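Using the numbering used here, you'd call the opening residue of the sequence shown number 2 and step up by one each time. As structure tokens, the structure follows; a few thoughts come after it.
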Amino acid sequence: MQISETENWMTPYFRYLVDGSLPEDAEKAKRIKKTAGWYTVVDGRLYRRGYSTPYLRCLSPEEADYALSEVHLGICGSHIGGKNLAFKIMRQG
């Protein structure tokens, strides 16, 4: 994630893991510190650690919309059920 990107849910985690900076709101800061162990930064990208899967790349809302539209349009195959669709997107990275 580049700093020039728009603010989204990943920004506080990315800043905490890279700079150690926390939001000013005490509740948000506490939540970020508590859950930051679930995430890691690799080559400037935020990933969530999975239990039985490799690192899961965190997507911005725009990237998630694009990935879902690509799968739904049939570029990645025929339309399938929700659970299988989610696994298909996870496998694509």
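We put the beta carbon where it would ideally sit given N, CA and C, even for glycine. Bear in mind that the values here come from a model prediction, so they are computed numbers and not experimental data.
Helix, strand or coil at residue i according to DSSP, with G and I counted as helix
| i | result |
| --- | --- |
| residue 47 | strand |
| residue 40 | strand |
| residue 5 | In this prediction, residue 5 scores a pLDDT of 43, lower than 50, which makes its location untrustworthy; no coordinate-derived value is stated. |
| residue 23 | coil |
| residue 69 | helix |
Contacts around residue i, its chain only, beta-carbon distance under 7 Å, and the 5 residues preceding and following it disregarded
| i | result |
| --- | --- |
| residue 42 | 15, 18, 19 |
| residue 86 | 72 |
Cβ-Cβ separation, residue j to residue i (assumed contact under 8 Å), whole Å
| i | j | result |
| --- | --- | --- |
| residue 13 | residue 29 | 7 Å |
Contact set for residue i: own chain, Cβ-Cβ below 8 Å, skip 5 residues either direction
| i | result |
| --- | --- |
| residue 54 | 91 |
| residue 11 | 2, 47, 59, 61 |
Rounded separation between residue i and residue j - CA only
| i | j | result |
| --- | --- | --- |
| residue 8 | residue 24 | 13 Å |
| residue 38 | residue 51 | 11 Å |
| residue 70 | residue 63 | 11 Å |
| residue 66 | residue 40 | 21 Å |
Would the stretch 56-65 and the stretch 30-47 be scored as touching if the rule is three or more Cβ pairs under 8 Å?
Touching, per the Cβ criterion.
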